[in-house]
Structures are given as C-alpha cells and as structure tokens.
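Chains as they are written, first to last, in the numbering used here: chain A, 11 to 268; chain B, 11 to 268; chain C, 69 to 387; chain D, 69 to 387. Note that CB positions come from ideal geometry on N, CA and C, so glycine has one too.
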Amino acid sequence: MQRLSDFSATVIEKESMAPGIWTIKLKPEKLRLRILPGQFFMIRAWSSKDPFLFRPFAVSGKNPDGSVDISFKVVGRGTELLAECERGQKVLMRGPCGNGFPNPLGKRLVLAGGAMGIAPLLFARHYYENSIRTLLLLGITGEPEWEPFSKAILQKFPDTLLFSENGMIGRKGTIVDGLAEILDENDEIWACGPEGMFHAMGKIEERWTLPIWVSLERRMACGYGGCLGCAVQTREGPKRVCADGPVFRLKEILWDEP
Amino acid sequence: MQRLSDFSATVIEKESMAPGIWTIKLKPEKLRLRILPGQFFMIRAWSSKDPFLFRPFAVSGKNPDGSVDISFKVVGRGTELLAECERGQKVLMRGPCGNGFPNPLGKRLVLAGGAMGIAPLLFARHYYENSIRTLLLLGITGEPEWEPFSKAILQKFPDTLLFSENGMIGRKGTIVDGLAEILDENDEIWACGPEGMFHAMGKIEERWTLPIWVSLERRMACGYGGCLGCAVQTREGPKRVCADGPVFRLKEILWDEP
Amino acid sequence: MNPDKRMALNIGGLEFESPLFIASGVWPMDSAEWPDGALNGVGGFCTKGLTLRPKRGNPGIRVWETPCGVMNSIGLQNPGIKAFLEQEYRQLEKAGKPVIFNLSFETEEELLLLLGYIMDTAGNVPVELNVSCPNVSKGGLSWAQDVNALERVVTLAKRNWKGLLWVKLSPNVSSFTETALAAEKSGADAVVVANTWLGTAIDVSRLEPVFDNIHAGLSGPAVFPLTLRLVWETYAAVKIPVIASGGVCTWQDAASMIAAGASAVQVGSALFSDILATAKMYEGLSSLLEKRNIGSVADLTGIAHGRRRDTNREDLRHG
Amino acid sequence: MNPDKRMALNIGGLEFESPLFIASGVWPMDSAEWPDGALNGVGGFCTKGLTLRPKRGNPGIRVWETPCGVMNSIGLQNPGIKAFLEQEYRQLEKAGKPVIFNLSFETEEELLLLLGYIMDTAGNVPVELNVSCPNVSKGGLSWAQDVNALERVVTLAKRNWKGLLWVKLSPNVSSFTETALAAEKSGADAVVVANTWLGTAIDVSRLEPVFDNIHAGLSGPAVFPLTLRLVWETYAAVKIPVIASGGVCTWQDAASMIAAGASAVQVGSALFSDILATAKMYEGLSSLLEKRNIGSVADLTGIAHGRRRDTNREDLRHG
Ligand SMILES: Cc1cc2nc3c(=O)[nH]c(=O)nc-3n(C[C@H](O)[C@H](O)[C@H](O)COP(=O)(O)OP(=O)(O)OC[C@H]3O[C@@H](n4cnc5c(N)ncnc54)[C@H](O)[C@@H]3O)c2cc1C
Ligand SMILES: Cc1cc2nc3c(=O)[nH]c(=O)nc-3n(C[C@H](O)[C@H](O)[C@H](O)COP(=O)(O)OP(=O)(O)OC[C@H]3O[C@@H](n4cnc5c(N)ncnc54)[C@H](O)[C@@H]3O)c2cc1C
Ligand SMILES: Cc1cc2nc3c(=O)[nH]c(=O)nc-3n(C[C@H](O)[C@H](O)[C@H](O)COP(=O)(O)O)c2cc1C
Ligand SMILES: Cc1cc2nc3c(=O)[nH]c(=O)nc-3n(C[C@H](O)[C@H](O)[C@H](O)COP(=O)(O)O)c2cc1C
Ligand code: FES
Ligand code: FES
Numbered sequence: 011m012q013r014l015s016d017f018s019a020t021v022i023e024k025e026s027m028a029p030g031i032w033t034i035k036l037k038p039e040k041l042r043l044r045i046l047p048g049q050f051f052m053i054r055a056w057s058s059k060d061p062f063l064f065r066p067f068a069v070s071g072k073n074p075d076g077s078v079d080i081s082f083k084v085v086g087r088g089t090e091l092l093a094e095c096e097r098g099q100k101v102l103m104r105g106p107c108g109n110g111f112p113n114p115l116g117k118r119l120v121l122a123g124g125a126m127g128i129a130p131l132l133f134a135r136h137y138y139e140n141s142i143r144t145l146l147l148l149g150i151t152g153e154p155e156w157e158p159f160s161k162a163i164l165q166k167f168p169d170t171l172l173f174s175e176n177g178m179i180g181r182k183g184t185i186v187d188g189l190a191e192i193l194d195e196n197d198e199i200w201a202c203g204p205e206g207m208f209h210a211m212g213k214i215e216e217r218w219t220l221p222i223w224v225s226l227e228r229r230m231a232c233g234y235g236g237c238l239g240c241a242v243q244t245r246e247g248p249k250r251v252c253a254d255g256p257v258f259r260l261k262e263i264l265w266d267e268p
Numbered sequence: 011m012q013r014l015s016d017f018s019a020t021v022i023e024k025e026s027m028a029p030g031i032w033t034i035k036l037k038p039e040k041l042r043l044r045i046l047p048g049q050f051f052m053i054r055a056w057s058s059k060d061p062f063l064f065r066p067f068a069v070s071g072k073n074p075d076g077s078v079d080i081s082f083k084v085v086g087r088g089t090e091l092l093a094e095c096e097r098g099q100k101v102l103m104r105g106p107c108g109n110g111f112p113n114p115l116g117k118r119l120v121l122a123g124g125a126m127g128i129a130p131l132l133f134a135r136h137y138y139e140n141s142i143r144t145l146l147l148l149g150i151t152g153e154p155e156w157e158p159f160s161k162a163i164l165q166k167f168p169d170t171l172l173f174s175e176n177g178m179i180g181r182k183g184t185i186v187d188g189l190a191e192i193l194d195e196n197d198e199i200w201a202c203g204p205e206g207m208f209h210a211m212g213k214i215e216e217r218w219t220l221p222i223w224v225s226l227e228r229r230m231a232c233g234y235g236g237c238l239g240c241a242v243q244t245r246e247g248p249k250r251v252c253a254d255g256p257v258f259r260l261k262e263i264l265w266d267e268p
Numbered sequence: 069m070n071p072d073k074r075m076a077l078n079i080g081g082l083e084f085e086s087p088l089f090i091a092s093g094v095w096p097m098d099s100a101e102w103p104d105g106a107l108n109g110v111g112g113f114c115t116k117g118l119t120l121r122p123k124r125g126n127p128g129i130r131v132w133e134t135p136c137g138v139m140n141s142i143g144l145q146n147p148g149i150k151a152f153l154e155q156e157y158r159q160l161e162k163a164g165k166p167v168i169f170n171l172s173f174e175t176e177e178e179l180l181l182l183l184g185y186i187m188d189t190a191g192n193v194p195v196e197l198n199v200s201c202p203n204v205s206k207g208g209l210s211w212a213q214d215v216n217a218l219e220r221v222v223t224l225a226k227r228n229w230k231g232l233l234w235v236k237l238s239p240n241v242s243s244f245t246e247t248a249l250a251a252e253k254s255g256a257d258a259v260v261v262a263n264t265w266l267g268t269a270i271d272v273s274r275l276e277p278v279f280d281n282i283h284a285g286l287s288g289p290a291v292f293p294l295t296l297r298l299v300w301e302t303y304a305a306v307k308i309p310v311i312a313s314g315g316v317c318t319w320q321d322a323a324s325m326i327a328a329g330a331s332a333v334q335v336g337s338a339l340f341s342d343i344l345a346t347a348k349m350y351e352g353l354s355s356l357l358e359k360r361n362i363g364s365v366a367d368l369t370g371i372a373h374g375r376r377r378d379t380n381r382e383d384l385r386h387g
Numbered sequence: 069m070n071p072d073k074r075m076a077l078n079i080g081g082l083e084f085e086s087p088l089f090i091a092s093g094v095w096p097m098d099s100a101e102w103p104d105g106a107l108n109g110v111g112g113f114c115t116k117g118l119t120l121r122p123k124r125g126n127p128g129i130r131v132w133e134t135p136c137g138v139m140n141s142i143g144l145q146n147p148g149i150k151a152f153l154e155q156e157y158r159q160l161e162k163a164g165k166p167v168i169f170n171l172s173f174e175t176e177e178e179l180l181l182l183l184g185y186i187m188d189t190a191g192n193v194p195v196e197l198n199v200s201c202p203n204v205s206k207g208g209l210s211w212a213q214d215v216n217a218l219e220r221v222v223t224l225a226k227r228n229w230k231g232l233l234w235v236k237l238s239p240n241v242s243s244f245t246e247t248a249l250a251a252e253k254s255g256a257d258a259v260v261v262a263n264t265w266l267g268t269a270i271d272v273s274r275l276e277p278v279f280d281n282i283h284a285g286l287s288g289p290a291v292f293p294l295t296l297r298l299v300w301e302t303y304a305a306v307k308i309p310v311i312a313s314g315g316v317c318t319w320q321d322a323a324s325m326i327a328a329g330a331s332a333v334q335v336g337s338a339l340f341s342d343i344l345a346t347a348k349m350y351e352g353l354s355s356l357l358e359k360r361n362i363g364s365v366a367d368l369t370g371i372a373h374g375r376r377r378d379t380n381r382e383d384l385r386h387g
C-alpha cells in the first residue's frame, strides 16, 4: 500500500451536485496516487493554522488523469473554505489514509449509502464496474435538501435504488427496509452512513449471516494513526478509525462500549 | 471627518512596482471614502482569525472611481497574503484611520520619503498637484532591492529628487543631506521613513525653524484608538499614533522617553 | 439590530439591556471616536484601567500578535482618575450606555481615594476592581495572588461602595476558585473571569524578549478554551454572577461561556479583528434564544452543567 | 535534509543528533505507518503514554479543534507496558532513533514495576515521567499538583533508574517553578515544560460539554506564548536542561523556545497540521546557526536572558 504523506494538489474541477454539496477534482502535483475504495484523504484548503486541523473526506472517484474526486457537504468552516476554492487553487492533502474495503468476495456487492455516506461507495461502484456485479442503494431522510442530491446521484448512476424516509423521492422507507427487500443470501454489503443506520443493519447481519463492512466516521486530529483521537471499540480491543479503518466488519464493533 | 468603520473592499487592480513591492487598488463596496494624505487603513486580506490583527497601510493614492491605492512591501505573513490577492478578491478594511497631515501653509511643500515611507507622500504629491508647489524626495539605502523601486517612483514622478546612501542610483547621500541642500526657509516639510531619518531631521528643524511634520509607525492592535498599543511620548503627554497621529509635529516628539 | 427583551438581565440589582459588555482597555474613551453602530447590542462598557495618578504606561513594544491571539503590555496608561472624571467621563455619560469603572491601585488608601473621587463626581456607578493586571510591577496581579490581601481589599471596597462591585480575577494564580470564593465572601457582587494569561514573546530577528517587562498578557481566541474552563469551575463554586472575559469572538463563544456558567460576557480583543463583533454576537445569541424557545438569557446561564452527553459516542453523519 | 553537526547536543550525558523531539502521544508506534521522511531532523521520539496495565482510553469525543489549537482527552489508551515491549518496541528499536519511554502511573509500586519491565527488555533507555496528564482521574496530573508527592516519586525513579530521567511537568499547577525545582532536587536529568493546558469545550449545538470528562488538554500554537513563559521562568530557576513542549510549529518557535532557555524542543500538535513540520524546523534552525555563526545549538540556549532590548523603542521602517 502507498505510504501516507502530506502533499499539495490543484483543484482542477469543481461541480455543484446540489445546493451546498460539491464534487471537486484534486490533482496531486507530484505524486501518483494508488488508492482503493474506502480510503480517504485529510484535506486543508487554507494555509493558516486556523482552522488548525485537516478535514477527512472519502474518495468518491478516481480519474484517468490521476486526479481524485471528493464529494462533500458544507457543514462548517472547513468545508466552507473548501467549497470556496476555485479551479487552479492549491490545497494540501494528507493520505492515502486508512485501508479501504477488503477485496470483494466476487458475488453481488451491495453498496448501501446513507445520504453523504454514499461518497466512498460511488468510487466502489465505479471501481468494480467491469469486474463484479454491484448494486447501489441510497437512503435519505425526508429533509428537502437531499432531493436534488439524490437526483444528481440518479443521473450519474440511473440504476441506483433510492429510499427516502417520507417517500418524497424514490421508495418510501429507510435504506435498511430496502436492504431487507432486495437481499440475497450470497450478497456482500458495504455501507457508509449515520450510525443509526449501522445499528439497524446489525439485525440484517444476524439474520442473513452476510458479511457487512461499514465505513465509520470519527473526529480526527492526525489521520495518520498517531493521536488515538478516532478510537472505536471492537471485539479485538480499541482500534483507530483512521489507520485501522475506516472500514470495519460490522459485527466486530462494540457500539455500546466507550 | 469620516468616522472609522470596518468594511469590505474589492481588489480592482494589482501592480508590481518592484520585486516584492506592490501597489493595489481597493474599492470599498458601499462606502464613499473621504480621506486626506497621511491617513491610513487597517487591512486584512484573510477571513481567518490567524493572523489575528489587521495590518496598517498608508493611502498612496486616491482614484476618481472611489478606490484607494496601497503601496506596500512584503515583509511577513500579512503582507504576503495581501500580495497573493488577485483582482476581484475581497479584503476587509478598517478606516479611515488617523488624522493625516494638517492643511499645508501654502508655500513650498517638501515631501521627504525614506524608502517605503514615501507611500503617503505619493498621495500628498498627487493631492496638491494643482494647488501648491510640491517637491518630492526619495532616500534609500544602498541595498539593491531599492533600485527598481526608485525607478518605478521616478517613472511616475520624474521630478523626484533621489538619494541613495551608496550612490547606486540618484545622488549619493542621505535624504537629510539632500534636504539641507535644497531647503528654502519658507518651506514646509512632510516626512515619512525610518526613525533614524527623523532623528537626523531634528537638526534641520532647529537650524531652519521650518515646520516639519512626520508620519510615524507603531505596532497596532486596534487602529481605532482603543488599545493604547501604539503610544508615542510627546511634549503634551502620551499620544496614540493611530488616532492622534500618525502625523505629528517633529519637535513635539520625545524620542528618548519611554 | 433588533432589541430583544430576552437579552436583558439583572446583575446584582442593576438592569442591563444585553449580557454583552465591552472589556476594559480596548475601547476609546472619547465617544467622538466611536465607529457608528459599534455599540449596538452592548449592555455597557468598562473603562480603561484607571489609577489615582496619571500613568504613561510601559515603554517599548506594547502589542504583539500571536497565533489567534495578541499579547499586550500597556501598563495602565491613563490620565488619572481626576482628569478622567473631569474630561472623558463627561462625554461617556452622554453615550447612554452604562459605564463600569475599571480600577487599579497599589494600596488600600489609593483604592479609597479612587472610590471617593468617583462617588463625588459620578455617584454610585458600577466598578470593576482590576486585581489582575499582569503588566504593572506593583499592585495589579499581586492582589489576586494573595488570597488574604484580596479579601482585605474587596471587603474594604464593599464597605465603601454602594454601587455594583465587580472583581476581575487573574488566571495566573495558584487556585482560581479559591480567589473567586474569596471575592464572593468579601462582598463582590460578581466576579469577572478572567484577565489576560501571562505569556512571553521572543523577537527571533534579535533573539531578545519582545517586551521590556519580558512577560505580557495574552488574550484573544487562543485563550478561549482556557478561560471557559475557569468559568465552568467558578460557576460550580460561587453563587454570585460570573462574568466571562477571554477570547470571546463569536456568538457561539458567547453562548458557550453562558452555558458554562457566565451571566454576562465581556468582549475585548475580538473587536481588534472585527469592530462589529459585539453587534453580531447579539444577533446570534438572540436567535439562539428564539430557536430554542428560551425565555431569557438568564435561563441559559449554566445550562451545560445539568447536561452530560447522553451517549458516550456521537453520531457524526446526520443522514 | 542536510545533517548539521551544530545541531547535535548532549542531554544528561546522552548524545542526540538534533534538539527536536517528537512529543508523546502524537506518533504511531508502528514504524510501518511512518510517512517517508517525517523523522528527518528528529533527535528522538517519545512513546505514547505507557501504563502498567492496558488502557482503552476515554469514551466519548477525544479530540476537538479550537482557534489555533486542539484539545484532547485520549485518556492514555495503550496496550500496557508488557505488550508494548513485546510488540511495538521490537519495531521501534530498529528505527534507529532514540525512543524515550513516556510513563504514567497511579502509585509508586506501579512506577517501580514499569521501570522493572523496561529494564528487563529494553535496558537503560531514557524515560519521561508523565506526572502531568490532565485526562485521567487517578495519577497523572495529581503527582505534579502535590510537590511532596512529586519529590517522592522522582526520587524513587532516580534511585531505580540508571538511564536518562526526564520529568514532564504540568502547566496546571500552583507554582510551576516550584515543581521544576522539586524535580531537579529529586534527581531529574531534565524537565519537560510542559504538558497540555487544561481547558473546556462546549458543543453549542447541544449546549453540552464536548468531553465526557468536561475538561481536556489544550495544545498547539494557541498555547505557545504561555509555555514559552514557563520555559523562560524554569530556565531562570533550575540548572538541569529544560525541554520545551507547547505549540512549537515553526523554526522561529523552536528558536524562541531555545533562546528562552530550552535545550531541546518537542514537537507535538504541529504534526497534525504538517507532517514534515519537524524536518522543516531542522532546516530553519540549522540556517539560523549558520547565519549567526553560532557553533552549536547549545550556545543558543537561554541567549535571550542576557539580552534586554537595547532601545526602549523599535524602529519599524528599516529604510
Ligand atoms: C473517514 C471520513 C470520511 C469522510 N468523508 C466525507 C465525505 O466524503 N464527504 C463529506 O461531506 N464528509 C465526509 N466526512 C465528514 C467530514 O470530514 C466533515 O463534514 C468535515 O470534517 C466538517 O468540517 P467543517 O470544518 O466543515 O465542520 P466543523 O464542524 O466546523 O469542524 C470542526 C471539527 O470537527 C470535525 N468534524 C466535524 N464534523 C465531522 C464529521 N462528520 N466527521 C469527522 N469529523 C468531523 C472537523 O474535521 C473539525 O476538526 C468524512 C469523515 C470521515 C472521518
Ligand atoms: C500608520 C502606518 C502606515 C504604514 N504604511 C505602510 C505602507 O504604506 N506600506 C508598507 O509597505 N508598509 C506600511 N506600514 C508598515 C506595515 O504595516 C507593515 O509592514 C505590516 O504590518 C507588516 O505585516 P506582516 O504581517 O507582513 O509582517 P509581520 O512581521 O509578520 O507582522 C507581525 C505583526 O507586527 C506588525 N508589524 C510588523 N511590521 C510593522 C511595521 N513596520 N509597522 C507596524 N506594524 C508592524 C504587524 O502589523 C503584525 O501585527 C505602515 C505602518 C503603519 C503603522
Ligand atoms: C490592549 C489591552 C488592554 C487591556 N487593558 C486592561 C485594563 O486596563 N484593565 C483590565 O482589567 N483589563 C485590561 N485588559 C484585559 C481585557 O479587558 C480582557 O479581560 C482580556 O483581554 C481577555 O479578554 P479578550 O480575550 O476578549 O480580550 C486589556 C486587554 C488588552 C488586549
Ligand atoms: C493527542 C495527544 C495525546 C497526547 N498524549 C500524551 C501522553 O500520552 N503523554 C504525555 O506526556 N503527553 C501527551 N500529550 C502532550 C504532548 O506530548 C505535548 O506535551 C503537548 O501536546 C504540548 O505540545 P504541542 O502543543 O506541541 O502539542 C498528548 C498530546 C496530544 C495532542
Ligand atoms: S486521527 Fe489520529 S489516530 Fe486517528
Ligand atoms: S492601535 Fe490601538 S490605540 Fe492605536
């Protein structure tokens, strides 16, 4: 695997996916990136020490010119500054971080994304397009802001199965309801989304004995495995989301323990 | 006089005067500025709280479109960020700060600038162009970096009297030597430059009994007269360079007192 | 700015229209110099530190920028209480905002004289005893560093002052809550938490200390988490109102201080980087009350003490 | 990076190739995870805080960004000394950089056991006693808050340890120099000044404390001026080497710490914002020595103490 480093990259494209949600293409200046779906980068679009920390973002795509796509929602200062970047601007990147998803078993790969959590799964979908069968699911809440985002995803991947909690778009229901409907016992599930979604998925894993891999989020200070700020408790003891994850086997995770 | 306020302005032009020295035109978004030579603005070309403080810059020109010119040398982080601004970018300004030079007496106005200290005098020269006789002097050290700057000044004001300490350009000698040569006892002097220059000028004031006004520099936290960080001791007690100055009668200043 | 009744509060019997005050030492005493609108949303402001006799302040560099902060070594430059009362104060009175007299003194006699002069000219105005200035060699910080001296001087002030009595404490002491308790016990109506944090700066181009006094006081957003800690602890220890002062720059900062136990908040260095900072905080706090349906800013005070995180984990992706 | 002999130094009899160390708790213990080049210019690094028994660390949010800083409440998560020695340490040994064992303990017995295990497996390596961790309820900070306990424990360590003994002090104490003097008197070879500064954070979206422990440790550039002050004062008080730790991000910061009295400097949070921070500091410091014609970095230590500003005014416009 490629060793992590800090490097400079150029914004070579910037596209609005929906109000407040952007996809940008970042091209490293010197490096040639080797990355797997589920890996992520720490990014800072400013040279000041304030904000002090990099921000973590999943890779949502990789392009032939060596650039990577990051799809993100503006939620605070860091993402605001990133969204203000214009084409040609330089940003700092740290990565590739984490391990990404393990090699798929080769059967059907069900990719279940909750809202913005779909980002790393878009990369997975694209990455395995020509090698294995994949099925992309997107689940959103009923908040209107997610409607245009869902449409943007559908436009890119028209066969996406879409679920909204209030039925405003796609089928009505949660993504876990949806999974229960479509699952085959040979499937493998990769998921990314809010933790509530993972909790509900725990039951699926019990019932179907399918392998479920989930990509977690934690606040991160370093992203390189040094600070232990991003710990999650697992059956094998505490793990670092940034360096041991962000992808874990769902049943390994001890949600209820500190 | 116009009350000070914080406002946003747009960089509408940016010109390199010499390596590391820039002139930028800043146009306030809403305000119409009323300013006198010697007044200055606090500027920040970043939205972060780091760097924390605004940076003070003299006005070096005022244009019919309502914009002001700032001519500055890159010396640290704040000026670096300002120099990185591209046309169209927004900056924050605070001002107009200070009182500027008093109304000239109407005789010949001798404007003596030491290196970058010429900035406010360029505005004065332009401001009084059609009303009174002015004479612009520029004095620089022998450091090569000042040569292209001097040429840029000469190009703009070809009748500038130029002095360099080692004679590399213009006449050889300090600006104070130069003043001694050309002064007329009816002259009035406005000066801006390093303090060493003012000390030397003290003797001129004694010998010629001319009014000499000087524009001072101090580190500033607020620029609006609140923090007392920019104090200078005068015969009338401590004064604030930002609000009571930056222009003072040379003989009022007590250099040797804390 | 829309005035909002929910923002009004009572400190020690006195009504203020907003919990946001301008801290001592950052605001011009000549109202002719006040930028338009900058006092919107301000409940009152503290004067520059006043002393019995005029003071020219410290020589050398007085302000120095640090990461997200600023250090100062002003040294209490002021015209002396008499000149202040005769000149600046006449102006300030007319400004229509409560003025809090920030006082520094080296001896108990000086304090008594200061209070006497103020009483004669201004009456029972609120005073803030600055027992915490790090930038003067005598008086200042030393009061706060000796709990007995602190008790003595606050007791004396209380006996000789009918107006509101705030005591502004220093973070540079052995036990902060001990000094807060001492101030409370001795009759303070409120404690101001806190003055600047003692720091040092070196000028690398000369490899020399920046300040003639070597040490100086650090303020600004850098110290916010530190002062917030003191506010939390003080609120848990005393019953009198706590007034926060340290690094407050945004309405979120102000809300944090209040939730941690502050009744009111002072805004200082924030004004250096945005002269409308207080006005913006007022808007932000006022919307917070509105959104959360909180009837009065006083109900926000200390609200975080009752609450511990209900999960031991946060869910970062809010679907 | 060009190795520079002038950057080498001796601390308590041990040679290090650079005065720049990586602070405890910010660096992965698995050398397979180290980014290329990131240890260039590093004189050695401190392990994550090690304890006798394994620790899972604190629940809840563990890191939180602040203006120019970061707060942490990790709670000493580590596999315990035995597992560490058997696994990570075998890796680290091969890395070719001195490893300083950062140790936390609740009782004197624990300390003795820790030292015993280390002696058996690693020999007389340098140790850094962490008597200053703000994030654990027992042990940690409490050692530094009680001068007698501190003296007892350092004396005990000294008697039972032949290797280098650093004592890492807490800024959150009554009198910092008193604790530094106590460490010196009890046999410390060097004092590390200092650990993180105690702060609090409130999550405004919930009006709750961010951390389960409410308080957490602040580090990063925000605290630089504060820790620099402690370094200055400690250098003036003790004779043993002072090792600075607090907010050092640039070579100018490192030079300031050294000029104020540090023999060496630890780099912690700076790495969060630039993984090559230490390598860049090395270059910068090395050029400073070159430009000023200073023969050895040791000659820079404390240089600012001899110097007061020669003028009481600065001339800002250098023509
Ligand atoms: C492994 C990983 C992958 C991610 N991938 C994506 C992605 O592809 N697209 C996307 O939109 N978002 C993604 N996120 C979330 C993203 O990192 C946050 O939205 C972002 O850090 C918010 O920064 P801010 O400055 O705008 O918000 P602020 O709230 O101002 O940030 C303050 C601090 O909190 C941290 N923080 C805030 N929210 C989060 C969060 N949800 N997760 C982790 N740290 C947080 C910030 O990093 C920062 O340190 C990912 C997070 C992780 C851990
Ligand atoms: C009234 C006034 C008018 C000025 N006019 C001009 C001008 O027209 N053109 C020009 O090039 N420069 C001018 N200066 C100087 C200019 O303000 C500084 O060069 C600038 O602040 C440096 O900022 P920095 O971040 O690049 O440097 P840094 O050294 O990184 O700044 C660190 C801190 O020191 C302060 N500082 C550093 N140098 C000075 C200085 N010389 N004067 C005041 N504060 C300083 C900064 O403002 C900042 O707070 C003027 C200064 C004053 C007081
Ligand atoms: C330039 C300056 C001057 C100050 N002068 C005084 C003073 O005279 N008396 C006082 O009690 N506090 C003084 N202070 C402290 C402030 O009132 C305030 O308590 C401190 O700066 C922390 O708050 P802040 O971070 O919001 O600035 C001064 C602070 C600054 C920055
Ligand atoms: C995430 C994190 C974990 C830390 N863990 C430890 C520790 O285990 N032991 C210790 O002595 N110091 C620990 N520290 C303190 C640092 O070693 C350092 O002393 C402090 O952060 C100040 O320096 P800095 O501003 O350069 O980070 C930790 C700091 C951080 C940020
Ligand atoms: S973020 Fe530092 S270990 Fe994961
Ligand atoms: S800079 Fe604050 S009074 Fe002049």
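With distances taken between CA atoms, residue 324 of chain C lies nearest to C:298 out of C:308, C:307, C:298. Here residue 99 of chain C is near residue 159 of chain C, since their CB atoms are less than 8 Å apart. When the beta-carbon positions are compared, residue 200 of chain A and residue 134 of chain A come within less than 8 Å of each other. A residue is called buried when at least 16 other Cβ atoms come within 10 angstroms of its Cβ; residue 74 of chain A does not meet this threshold and is exposed. For residue 59 of chain B, the nearest beta carbon of chain A is closer than 8 Å to its own beta carbon.
In terms of CA proximity to residue 337 of chain D, D:292 leads the group D:309, D:292, D:152. Within a 10 Å sphere around the beta-carbon of residue 98 of chain B sit fewer than 16 other beta-carbons, which makes this residue exposed. Scanning its chain for C-beta atoms nearer than 6 Å, with the 5 sequence neighbours on each side dropped, one finds around residue 48 of chain A the residues 110, 111, 130, 225, 257, in chain order. The C-alpha of residue 157 of chain C is placed about 10 Å away from the C-alpha of residue 163 of chain C. Listed by position in the chain, the residues whose beta carbon lies within less than 5 Å of some heavy atom of ligand 1 are A:50, A:63, A:65, A:66, A:67, A:68, A:82, A:83, A:85, A:86, A:87, A:88, A:89, A:126, A:129, A:227, A:229, A:256, C:384, D:133. Cβ neighbours of residue 72 of chain D within its own chain (closer than 6 Å, five residues either side excluded): 354. Taking the Cβ of residue 236 of chain B as the reference point, at least one heavy atom of ligand 6 falls within a distance shorter than 7 Å.
Going by beta carbons, residue 14 of chain B and residue 234 of chain B fall inside the 8 Å limit. The beta carbon of residue 252 of chain A sits closer than 7 Å to at least one heavy atom of ligand 5.
With respect to chain B, the C-beta atom of residue 56 of chain A has a partner C-beta closer than 8 Å.
The DSSP-derived three-state label of residue 213 of chain C is helix.
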